[in-house]
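**Q** Okay, handing you the structure first.
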Amino acid sequence: MTKGKRIILIVGLPGSGKTYAVDFVKKKLGAKTIHSGDIIREEIERQGLKYSPTADAAVAHWFHQYGREAVLVQKVFEKIVRSRKKLIIVEGFRDIDQLQVLEDLLDHKVSVITIKCNFKTRLKRELERGRFGKDETKEYIKNRDISEKHRGLERLIRQAKYKIDNNGTKKQLEVKIIKMVKKLNK
Numbered sequence: 000m001t002k003g004k005r006i007i008l009i010v011g012l013p014g015s016g017k018t019y020a021v022d023f024v025k026k027k028l029g030a031k032t033i034h035s036g037d038i039i040r041e042e043i044e045r046q047g048l049k050y051s052p053t054a055d056a057a058v059a060h061w062f063h064q065y066g067r068e069a070v071l072v073q074k075v076f077e078k079i080v081r082s083r084k085k086l087i088i089v090e091g092f093r094d095i096d097q098l099q100v101l102e103d104l105l106d107h108k109v110s111v112i113t114i115k116c117n118f119k120t121r122l123k124r125e126l127e128r129g130r131f132g133k134d135e136t137k138e139y140i141k142n143r144d145i146s147e148k149h150r151g152l153e154r155l156i157r158q159a160k161y162k163i164d165n166n167g168t169k170k171q172l173e174v175k176i177i178k179m180v181k182k183l184n185k
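Okay, so the sequence shown: first residue is 0 according to numbering that gives the first Met the number 0, each after it adds one.
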């Protein structure tokens, strides 16, 4: 089922570079990548909602109430089980409870890497990405940070054993993430 697979979780605040790092590892090392945000977007679509900041926040909040963190993690676990890849990178968990559920399902510990980046740089990246168009403002991003931290992301980030500073260039992040993943994949 998951025997012989190496699972690495990458976490960080929005705009920190998680998705870029995960996609780069996929490209360079052929890893299977699982983005928890994709599961949220799949649920938005399943519910027939238009993708927007409001729908994204509402569905993410739904997944984080009344023990439903396990629902999202179960969907991630199913993707891990179905994968034939030995190296699997999971991106975007929001709290320690999600990590614990995954570790319980896997019956082993997961290596956690946090990607850290200052707010000014993250804000610039988020606004350039323009996922929500004109609805994505500095105030929206500040409020999303507060919500993510309140949910437990800040505790998960602090708990991560491995940390990467991403206030530099994409090339610097690429070098750091590949070096870290290769070290953890030994």
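Yeah, the Cβ is synthetic: ideal placement off N, Cα and C, and Gly gets one too.
Between the region 79-86 and the region 117-124, can you find at least three pairs of beta-carbon atoms closer than 8 angstroms?
**A** They do not touch, by the three-pair rule.
**Q** In three-state DSSP terms, what is TYR19?
**A** Looking at TYR19 - three-state DSSP - the assignment turns out to be helix.
**Q** Starting from the Cα of LEU71, find the closest Cα among ASP103, HIS149, SER35 and VAL24 and give me that residue.
**A** Taking only the C-alpha atoms, the option nearest LEU71 is SER35.
**Q** When you compare only the Cα positions, how much space is there between LYS170 and HIS149?
**A** Those two C-alpha atoms are separated by around 32 angstroms.
**Q** Here's the rule: buried if 16 or more other CB atoms are within 10 angstroms of the residue's CB, otherwise exposed. What is ASP144?
**A** Buried is the call here.
**Q** Only counting runs of 3 or more residues, tell me where the beta strand (DSSP E) segments fall wholly within the region 55-125, in order along the chain.
**A** Runs found: 86-90 and 110-115.
**Q** Along the chain, where does the beta strand (DSSP E) containing LEU183 start, and where does it finish?
**A** Note, LEU183: premise wrong, no beta strand (DSSP E); alpha helix (DSSP H) at 169-183.
**Q** What is the residue span of the beta strand (DSSP E) that LEU8 lies within?
**A** 5-10 is the span of the beta strand (DSSP E), which, as asked, contains LEU8.
**Q** Which stretch, first to last residue, makes up the alpha helix (DSSP H) that contains TYR139?
**A** Its alpha helix (DSSP H) spans residues 137-150.
**Q** Take VAL10 as the anchor and find which of ASN166, VAL174, ILE114 and GLN46 has the nearest alpha-carbon.
**A** Cα-wise, what sits closest to VAL10 is ILE114.
**Q** Straight-line CA distance for ASN142 to LYS31?
**A** Spanning the two alpha carbons is a distance of roughly 31 angstroms.
**Q** Would you say GLU42 and VAL58 are within 8 angstroms of each other, going by their C-beta atoms?
**A** Yes, they are a contact pair.
**Q** Taking only the alpha-carbon atoms, compute the straight-line gap between GLU153 and ASP94 and give it to the nearest angstrom.
**A** Each residue's Cα considered, the two are about 8 angstroms apart.
**Q** Given a threshold of 16 other Cβ atoms within 10 Å of its Cβ, counted over all protein chains shown, does HIS63 qualify as buried or as exposed?
**A** By the 10 Å Cβ count, HIS63 comes out buried.
**Q** Answer yes or no: do TYR19 and LEU172 have a C-beta to C-beta separation smaller than 8 angstroms?
**A** Contact flag set, yes.
**Q** Provide the residue(s) that pair with TYR161 in DSSP beta bridges, ordered along the chain.
**A** Answer is ILE112, bridged to TYR161.
**Q** Report all residues from its chain with a CB closer than 7 angstroms to the CB of ILE176; omit the five preceding and five following residues, and keep chain order.
**A** Hits under 7 angstroms: ALA20, PHE23, VAL24 and ILE163.
**Q** I'd like to check one pair, GLU147 with PRO13: are the Cβ atoms closer than 8 angstroms?
**A** Yes. Within cutoff.
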